[in-house]
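*Asks:* Residues in the sequence shown are numbered consecutively from 1050, following the working numbering.
Don't be surprised by glycine CBs; every beta carbon is placed ideally from N, CA and C.
The model shown is predicted, which means the values in this text are computed figures rather than measured ones.
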Amino acid sequence: MTLPRPSFGILSARITFEDPEESGKSIMSIRSICIYCGSRPGNRPEYVEQAAQFARVLARRGIRIVYGGASVGVMGAIADAALSEGGTVVGVIPQSLVDREVAHAGLSQLIVTASMHERKARMADLSDAFVALPGGIGTLEEIFEIWTWSQLGLHAKPCGLLNIAGYYDSLQRFMDETVANGFLHHKHRAMLVSADSVDGLLEAFEAYEAPEVMKWIEREET
Ligand code: AMP
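1) Any chance the CB of Thr1188 is under 7 Å from a heavy atom of the ligand AMP?
2) For the ligand AMP, I want to know if Ala1152 counts as a neighbour, meaning its beta carbon is within less than 7 Å of at least one of the ligand's heavy atoms.
3) Nearest CA to the CA of Pro1299: which residue from Ala1244, Ile1186, Thr1227?
4) Taking the alpha-carbon positions, what's the Ser1061 to Ala1170 distance?
5) What did DSSP end up calling Thr1188 once you bin it into helix, strand or coil?
6) What do you reckon, are the CB atoms on Ser1176 and Ile1112 nearer than 8 Å?
7) Distance, Cα to Cα, Ala1131 vs Lys1236?
8) As a quick exercise: from Glu1258, Arg1089, Ala1181, pick the residue whose alpha carbon is nearest that of Leu1220.
9) Does DSSP put Glu1071 in a helix, in a strand, or in coil?
10) Any heavy atom of the ligand AMP closer than 7 Å to the beta-carbon of Ala1170?
11) Leaving out five residues before and five after Glu1134 in sequence, what residues of the same chain have Cβ atoms less than 8 Å from its Cβ?
12) So does Ala1119 have its beta carbon nearer than 7 Å to some heavy atom of the ligand AMP?
13) Give the DSSP-derived three-state secondary structure of Thr1137 in the structure shown.
14) Examine the ligand AMP and report whether any of its heavy atoms sits within less than 7 Å of the Cβ of Glu1191.
15) Per DSSP, what kind of secondary structure is Arg1105 in: helix, strand or coil?
16) Exposed or buried, Pro1143, counting other C-beta atoms within 10 Å across all chains shown (16 or more means buried)?
17) With DSSP run on the structure shown, which of helix, strand or coil describes Phe1254?
18) Which residues in the same chain as Val1147 place their Cβ atom closer than 7 Å to its Cβ, once the five residues preceding and following it in sequence are excluded?
19) Helix, strand or coil for Ser1243 per DSSP?
20) What's the gap between the Cα of Gly1187 and the Cα of Ser1088?
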């Protein structure tokens, strides 16, 4: 049986990252942040409220938001909040999800892609940093993929969790266990920053220096 190629193999064709071997770090001013978050609101009001607050802060600081383009759940809440504050919000959604996730009609820009892979590649291309807010498996898949690209040495952009209402506490404990059990190097673990507050996360992003990592593969090999 032939197994399908991992999704990042397709993603690699489109992403343009700086070469961490040359720079060693990602000292960059963050002008555009990619937000991964739930297409559902979750069942605690803090999830939507604090996600919206994060989006308003980004808008006030002139930081563009790139996200999945939906008008529902936490996704819709961050878009509405940033737009109401005069922010710039770019949605990237595959044609197949335009109806199911109810593509947001009022964004600064809506990019409709032919596939999910193209969606993720465009979102990565357009962003200087990546953050996961509370969400489900789509959110987790997206942040894990971009984090694993850091581990592979394919980009040096910061990735993080905004740990609203402790939502990611148990995931962080589990990731620490993967280090303790010898499946993840602590250097790679540290590439996923986490903060409980918006200011804490943005400060961690600005201060982020990608560690020197041995490049496991070249772009052409993915
Ligand atoms: P969720 O966190 O499951 O509510 O999904 C959040 C976003 O992730 C939605 O826009 C989904 O379309 C998207 N998503 C779901 N599955 C995937 C996947 N396999 N790869 C990338 N994005 C996904």
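*Replies:* Short version:
1) By one-based count along the sequence shown, residue 1188 stands at place 139. In this structure, Thr1188 has its CB closer than 7 Å to one or more heavy atoms of the ligand AMP.
2) Translated into the one-based positions of the sequence shown, residue 1152 becomes position 103. Incorrect: Ala1152 has no Cβ contact closer than 7 Å to the ligand AMP.
3) The structure shown does not extend to residue 1299, since the chain spans only 1050 to 1271, so no value can be given for it.
4) Locating residue 1061 in the sequence shown gives position 12, counting from the first residue. Locating residue 1170 in the sequence shown gives position 121, counting from the first residue. Here the model assigns Ser1061 a pLDDT of 33, short of 50, so the residue's position is not dependable and the matter cannot be decided.
5) Start at 1 with the first residue of the sequence shown, and residue 1188 comes out as number 139. The DSSP-derived three-state label of Thr1188 is helix.
6) Taking the sequence shown and counting its residues from 1, the one referred to as residue 1176 is at position 127. Taking the sequence shown and counting its residues from 1, the one referred to as residue 1112 is at position 63. Pairing Ser1176 with Ile1112 gives a Cβ-Cβ distance that is not under 8 Å.
7) As a first step, residue 1131 must be located in the sequence shown, where it is residue number 82. As a first step, residue 1236 must be located in the sequence shown, where it is residue number 187. Cα to Cα, the separation comes out at about 34 Å.
8) Start at 1 with the first residue of the sequence shown, and residue 1220 comes out as number 171. The shortest Cα separation from Leu1220 among Glu1258, Arg1089, Ala1181 belongs to Ala1181.
9) Position 22 of the sequence shown, counted from the first residue, corresponds to residue 1071. Residue confidence is low: Glu1071 scores 38 on pLDDT, short of 50, so the model does not pin down where it sits. No coordinate-derived value is stated.
10) Reading the sequence shown from its first residue, position 121 is the one you call residue 1170. Because no heavy atom of the ligand AMP lies under 7 Å away, the Cβ of Ala1170 does not count as near it: no.
11) One-based indexing of the sequence shown puts residue 1134 at position 85. Ala1104, Arg1105, Ala1108, Arg1109, listed in sequence order.
12) The residue given as residue 1119 occupies position 70 in the sequence shown. Ala1119 Cβ: within cutoff of the ligand AMP.
13) Counted from its first residue, the sequence shown places residue 1137 at position 88. Taken through DSSP and simplified to helix, strand or coil, Thr1137 comes out as coil.
14) Translated into the one-based positions of the sequence shown, residue 1191 becomes position 142. With a cutoff of 7 Å, Glu1191 counts as near the ligand AMP, since its C-beta is closer than that to a heavy atom of the ligand.
15) Translated into positions along the sequence shown, residue 1105 becomes position 56. Here DSSP, grouped into helix, strand and coil, assigns Arg1105 to helix.
16) In the sequence shown, the residue the question calls residue 1143 occupies position 94. Its Cβ being crowded by 16 or more others within 10 Å, Pro1143 is buried.
17) Position 205 of the sequence shown, counted from the first residue, corresponds to residue 1254. The answer is helix: DSSP assigns Phe1254 an H, G or I state.
18) On the sequence shown, position 98 is the one that residue 1147 refers to. Correct list, in chain order: Val1161.
19) Translated into positions along the sequence shown, residue 1243 becomes position 194. Strand at Ser1243.
20) Walking along the sequence shown from the start, residue 1187 turns up at place 138. Walking along the sequence shown from the start, residue 1088 turns up at place 39. Our two residues, Gly1187 and Ser1088, have alpha carbons roughly 9 Å apart in a direct line.
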